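Asks: Below are the structure tokens for one structure; questions will follow.
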Amino acid sequence: MASSALATASVLGTTEVLAQNAPPPLQEVVGTAHWAVKKVDADSVKLFMWNKRLANAPKAFRGTIVFVHGSSMASTPVFDLQIKGRDDASLMDWFARLGYDTWCFDCEGYGRSDKTRNVNANVACGADDLAAVSDYIMKVNGGQKLLTYGASSGALRLALFAQKHPERVARMVLDAMVWTGQGSPTLAERKKRLPAYLASNRRAIDRDMIRSIFTRDHPGTSEMSYVETFADAVLALDSSVPTGTYIDMSMNLPVCDPEKINVP
Numbered sequence: 002m003a004s005s006a007l008a009t010a011s012v013l014g015t016t017e018v019l020a021q022n023a024p025p026p027l028q029e030v031v032g033t034a035h036w037a038v039k040k041v042d043a044d045s046v047k048l049f050m051w052n053k054r055l056a057n058a059p060k061a062f063r064g065t066i067v068f069v070h071g072s073s074m075a076s077t078p079v080f081d082l083q084i085k086g087r088d089d090a091s092l093m094d095w096f097a098r099l100g101y102d103t104w105c106f107d108c109e110g111y112g113r114s115d116k117t118r119n120v121n122a123n124v125a126c127g128a129d130d131l132a133a134v135s136d137y138i139m140k141v142n143g144g145q146k147l148l149t150y151g152a153s154s155g156a157l158r159l160a161l162f163a164q165k166h167p168e169r170v171a172r173m174v175l176d177a178m179v180w181t182g183q184g185s186p187t188l189a190e191r192k193k194r195l196p197a198y199l200a201s202n203r204r205a206i207d208r209d210m211i212r213s214i215f216t217r218d219h220p221g222t223s224e225m226s227y228v229e230t231f232a233d234a235v236l237a238l239d240s241s242v243p244t245g246t247y248i249d250m251s252m253n254l255p256v257c258d259p260e261k262i263n264v265p
């Protein structure tokens, strides 16, 4: 009995220590949909935006982050992916819990944004999308400059936007950006399909294409079960995407001038 009691006390004591040193429960993050309107001549293009912040939002955020997606999928699967049992899957949730006001948006032709105009939604089109979105967000946040992140062709969209609107950008991260494209094996392969891209404003996407993103350069470095969840989220929004950024990256680089980008 004595040894049993000591063991129980030891376990209870250990449990108490663990409880005292356990990480705090994750703070609740809430998401809300917003819509910006991009004016193009007589057209009004509706652009879907997604905002995530703490449910108990601080009086002052650490900053406002805007994420810009790439060529082959809309924004929420990339920046707000939800995976059961993984609280760290969503980049937006992660930064929201750090005290940031986080936003992403679907460029024209992607996801929940308008897909009605007869355009291929090239890089310049996406930069104009970001101009409309940033105008909306800065009205919400009281005019604070934006912390911005763009991936792949999203980096090209962001760079061109920053070149045109440096007064709106506090900081900029350009991830997987191709400036001139010289020496890129991926772009060399893409150029072989350029005639097909030029012939249509949209290209089909499927599960195999999405899987190839994670296997073409560094196979074996991604958890493929998570890739399937990602593919589910992408394909729930789109079965085709615009060709414009692929065309730009195949024949029109560079599309921005680093010497004209005056932001950190």
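In my numbering, the protein residues as written are 2 to 265. Ideal Cβ positions, reconstructed from N, Cα and C, are used throughout, including at glycine. Just so you know, these numbers come straight off a predicted model, no measurement behind them.
First and last residue of the alpha helix (DSSP H) that includes C126?
Replies: Per DSSP, C126 belongs to the alpha helix (DSSP H) from 124-141.
Asks: Looking at V46: is its Cβ nearer than 9 angstroms to the Cβ of F106?
Replies: In this structure, F106 does not lie closer than 9 angstroms to V46 by Cβ.
Asks: Considering just the uninterrupted stretch of the beta strand (DSSP E) at A152, what are its terminal residues?
Replies: Where A152 is concerned, the enclosing beta strand (DSSP E) stretches over 147-152.
Asks: Is there a Cβ of chain C sitting closer than 9 angstroms to that of R87, yes or no?
Replies: Considering every chain present, this structure includes no chain C. It has just one protein chain.
Asks: May I have the straight-line CA-CA distance separating A156 from D176, to the nearest angstrom?
Replies: Cα to Cα, A156 sits roughly 6 angstroms from D176.
Asks: Using DSSP with H/G/I as helix, E/B as strand and the rest coil, what is N253?
Replies: Looking at N253 - three-state DSSP - the assignment turns out to be helix.
Asks: Are the CB atoms of P220 and N121 nearer to each other than 9 angstroms?
Replies: In this structure, N121 does not lie closer than 9 angstroms to P220 by Cβ.
Asks: Quick one: measure Cβ to Cβ for G112 and L238, integer angstroms, because I've assumed they're closer than 8 angstroms.
Replies: With 8 angstroms as the limit, G112 and L238 qualify as a contact, their Cβ atoms being about 5 angstroms apart.
Asks: List in chain order: all unbroken beta strand (DSSP E) runs of 3+ residues lying wholly within the stretch 193-221.
Replies: 203-205, all fully within the stretch 193-221.
Asks: By a C-beta neighbour count over all protein chains shown, 10 Å radius and 16 as the cutoff for buried, is R54 buried or exposed?
Replies: So R54 counts as buried.
Asks: In the DSSP assignment, what are the bridge partners of F231?
Replies: F231 is not bridged to any residue.
Asks: Could you tell me whether the stretch 240-256 touches the stretch 188-196, where touching means 3 or more Cβ pairs closer than 8 angstroms?
Replies: Because the criterion of three Cβ pairs below 8 angstroms is met, the stretch 240-256 and the stretch 188-196 touch.
Asks: Have a look at E109 and T222 and give me their C-alpha separation to the nearest angstrom.
Replies: Those two C-alpha atoms are separated by around 32 angstroms.
Asks: Excluding the 5 residues preceding and the 5 following T181 in the sequence, name in chain order all residues of the same chain whose CB lies nearer than 6 angstroms to its CB.
Replies: If we look at T181 and ignore the five residues flanking it on each side, its Cβ neighbours are L254, P255.
Asks: For T77, which of helix, strand or coil comes out of DSSP?
Replies: Note: T77 maps to helix in three-state DSSP.
Asks: How close, in whole Å, do the beta carbons of L148 and G64 come, if the pair is a contact with beta carbons under 8 angstroms?
Replies: About 5 angstroms separates the two Cβ atoms, so the contact holds.
Asks: What does the alpha-carbon distance come out to for the pair D207 and T216?
Replies: If I take the Cα positions, the gap works out to 15 angstroms.
Asks: How far does the alpha helix (DSSP H) with F96 in it reach, from first residue to last?
Replies: Where F96 is concerned, the enclosing alpha helix (DSSP H) stretches over 92-98.
Asks: Taking buried to mean at least 16 other C-beta atoms within 10 Å of its own C-beta, is G151 buried or exposed?
Replies: By the 10 Å Cβ count, G151 comes out buried.
Asks: Please return the same chain residues whose Cβ sits closer than 6 angstroms to the Cβ of R98, not counting the five positions on each side in sequence.
Replies: So the qualifying residues of the chain are Q28.
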